[in-house]
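**Student:** Quick one: this structure, given as structure tokens, is what I'll be asking you about.
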């Protein structure tokens, strides 16, 4: 296996059968990712980026082409891939710690407790272990969702517009949090977003998708020094460059 | 105008019983003016008097207890079977298709229509009555449970799938809690159907129970006893429903 091919997406196309006829949302998408890399799938809404993420997750198998991770074809969801959805999707009847623990199967009680605590601490929810989701703010609920996706220590985590529903301040804090967590754990990460700044801040590589059907328009490698300064000239230059891809 | 909270509470409490009080008032006035045929519609005061008499003689309590035990027996069987089968049918698409038509056809048959068969099958003993009460609650509970299970949020199912959750854990921690509100609706509506069936069940040659008390009093033209029996069933049904509501609130703490 070549170093730069941990995740391989090859000629993935997806057509949905609608009442009005077939609707092609993804058209021959191919790219690859290194282990430990953070990639953003960037595109306007309706460009099929979430569909692409679902194909990589194994939640959608109706596509043409193949997705392989670590040399293994993706045919169904597996716990080696953690998923964070746009909505937190926590179980309302379970507390934060029970929600995080739900992801763990076949782990003995003591280890489970330690792991759950470790990831709750990691996402800064210490003290909220016994809280029910309805009493969490949007940002806290999303952090609990991230802890749940990480507690299995997956090789990959997939995030589908994870901060889309958050206010601007929380969003920036969460992006920094995610970046830190990702660097610390080295987990291979894909983030779907329609936010150009978010993509430039987070990604090692940005895959820009065109709208309907989604095709790869351009792949941008971001080599900004860490920690990234959103107000630096270089940051702004990359942002402007990508902006030009969407608005002529 | 801003009212103090205590007064507000009192007013809404009064509002809650207002209609009942007005009806009793009109009823009493009609009786005082002599515009009520007290043979077929006794006055509230007479009903109260009969109620006290029946309580003192122990007659009401004995009949009530017998009916209560019958209802509880039938209801417990209906609830346990309804929940277990409902979960299975809700979970497995094939089982659902296999049983759906039969359930849809049997469900609309009122328990009263079962009486001839029940007498032939069970004779005139306790079992037949319990069976009728069971019938009254079972389908309501079953259908609510099936609906609840089938409505499990697909987004949460995806979460569970993505973690390769074992089936039993998936059912116990996702499917059942998610449908708990529907299950409780079924349990509550089912309980009230069971209560409604107790009179029908006690038509099966009974010599005890509130249903018997009502039917027996009718033969002697004791409309006051009939109404006391009816109200007892009503009030008891309401009390049991309220109790179930308390249980529901205690179980579903997350909403």
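Chains as they are written, first to last, in my numbering: chain A, -9 to 238; chain B, 8 to 262.
In this text, a Cβ means the ideal position worked out from N, Cα and C, and glycines have one as well.
The structure displayed is predicted, hence computed values, not measured ones.
#1: Quick check on residue 215 of chain B - is its C-beta less than 8 angstroms from some C-beta in chain A?
#2: Please report the Cβ distance between residue 178 of chain A and residue 62 of chain A, rounded to the nearest whole angstrom; I am assuming they are in contact, meaning their Cβ atoms lie under 8 angstroms.
#3: Assuming residue 172 of chain A contacts residue 28 of chain A under a Cβ cut-off of 8 angstroms, what Cβ separation, rounded to an integer in Å, is found between them?
#4: Specify whether the stretch 64 to 78 of chain B and the stretch 210 to 221 of chain B touch according to this definition: at least 3 beta carbon pairs, one from each stretch, less than 8 angstroms apart.
#5: In whole angstroms, what is the alpha-carbon distance linking residue 69 of chain B and residue 131 of chain B?
#6: When Cβ atoms are compared, which residues of the stretch 154 to 176 of chain B fall closer than 9 angstroms to chain A?
#7: Who pairs with residue 57 of chain A in a beta bridge, going by DSSP?
#8: Out of A:224, A:74, A:17 and A:21, which has the shortest C-alpha to C-alpha gap to residue 154 of chain A?
#9: Kindly give me the distance between the Cβ atoms of residue 198 of chain B and residue 154 of chain B, rounded to whole angstroms, as I take these residues to be in contact under 8 angstroms.
#10: Going along the stretch 39 to 62 of chain A in order, which residues come within less than 7 angstroms of chain B, judged by CB to CB distance?
#11: In or out: residue 128 of chain B buried (at least 16 other Cβ within 10 Å) or exposed?
#12: Kindly indicate which three-state DSSP category residue 141 of chain A falls into: helix, strand or coil?
#13: Going by beta carbon distance, what residues of the same chain come within less than 8 angstroms of residue 243 of chain B, once the five residues before and after it are set aside?
#14: Contact criterion: CB-CB distance below 8 angstroms. Does residue 188 of chain B meet it with respect to chain A?
#15: With 8 angstroms set as the bound, which would you pick, yes or no: does the beta-carbon of residue 67 of chain A sit closer than that to a beta-carbon of chain B?
#16: Since residue 71 of chain A and residue 34 of chain A are thought to touch, with beta carbons under 8 angstroms apart, how far apart are those beta carbons, to the nearest angstrom?
#17: Compute the beta-carbon to beta-carbon distance between residue 81 of chain B and residue 140 of chain B, rounded to the nearest angstrom, for a pair I have assumed lies under 8 angstroms.
#18: Starting from residue 105 of chain B, follow the alpha helix (DSSP H) in both directions and report where the run begins and ends.
#19: Beta-carbon within less than 7 angstroms of residue -9 of chain A's beta-carbon, same chain only, minus the 5 sequence neighbours each way: which residues are those?
#20: I need the straight-line Cα distance from residue 137 of chain A to residue 114 of chain B, nearest angstrom please.
#21: Quick check: the Cα distance between residue 134 of chain A and residue 258 of chain B, rounded to an integer number of angstroms?
#22: Consult DSSP for residue 224 of chain A and reduce its assignment to one of helix, strand or coil.
#23: Taking residue 30 of chain A as part of the beta strand (DSSP E), name the residues at either end of that continuous run.
#24: For residue 173 of chain B, which of A:93, A:210 and A:227 has the nearest alpha-carbon?
#25: Among residues of its own chain, excluding the 5 on either side of residue 147 of chain B, which ones have a beta-carbon nearer than 7 angstroms to its beta-carbon?
#26: Any idea which residues DSSP pairs residue 4 of chain A with across the strands?
#27: So residue 150 of chain A is in the beta strand (DSSP E); what residue range does that whole segment cover?
#28: Count the other CB atoms within 10 Å of the CB of residue 81 of chain A; is the residue buried (16 or more) or exposed (fewer)?
#29: Is the beta carbon of residue 229 of chain A closer than 8 angstroms to that of residue 170 of chain B?
#30: Enumerate in chain order the residues of its own chain whose CB-to-CB distance from residue 14 of chain A is below 6 angstroms, with the five nearest sequence positions on each side excluded.
#31: Tell me the DSSP secondary structure of residue 208 of chain A in three-state form.
#32: For residue 2 of chain A, which of A:77, A:42, A:99 and A:10 has the nearest alpha-carbon?
#33: Using 8 angstroms as the Cβ pair cut-off and three pairs as the minimum, do the stretch 84 to 104 of chain A and the stretch 173 to 185 of chain B touch?
#34: Verify whether the separation of the beta carbon atoms of residue 236 of chain B and residue 46 of chain B is less than 8 angstroms.
#35: Does DSSP classify residue 22 of chain A as helix, strand or coil?
#36: By Cβ distance below 7 angstroms, which residues in the same chain neighbour residue 106 of chain A in space, the five residues on each side in sequence not counted?
**Tutor:** Looking at the coordinates:
#1: no
#2: Residue 178 of chain A to residue 62 of chain A, Cβ: 14 angstroms. No contact.
#3: 6 angstroms
#4: yes
#5: 20 angstroms
#6: 160, 162, 163, 165, 166, 167, 168, 169, 170, 171, 172, 173 and 176
#7: A:-1
#8: A:74
#9: With a Cβ gap of about 18 angstroms, residue 198 of chain B and residue 154 of chain B do not count as contacting.
#10: 47 and 49
#11: exposed
#12: coil
#13: 71, 75 and 202
#14: no
#15: yes
#16: Rounded, the Cβ-Cβ distance is 26 angstroms, inconsistent with contact.
#17: 3 angstroms
#18: 100 to 113
#19: Reliability fails at residue -9 of chain A, whose pLDDT of 44 lies under 50, so the model's placement of it is uncertain and no value is given.
#20: 47 angstroms
#21: 24 angstroms
#22: helix
#23: 28 to 32
#24: A:93
#25: 193, 196, 197 and 200
#26: A:16
#27: 146 to 150
#28: buried
#29: no
#30: 5 and 203
#31: strand
#32: A:42
#33: yes
#34: no
#35: strand
#36: 87, 90, 91 and 141
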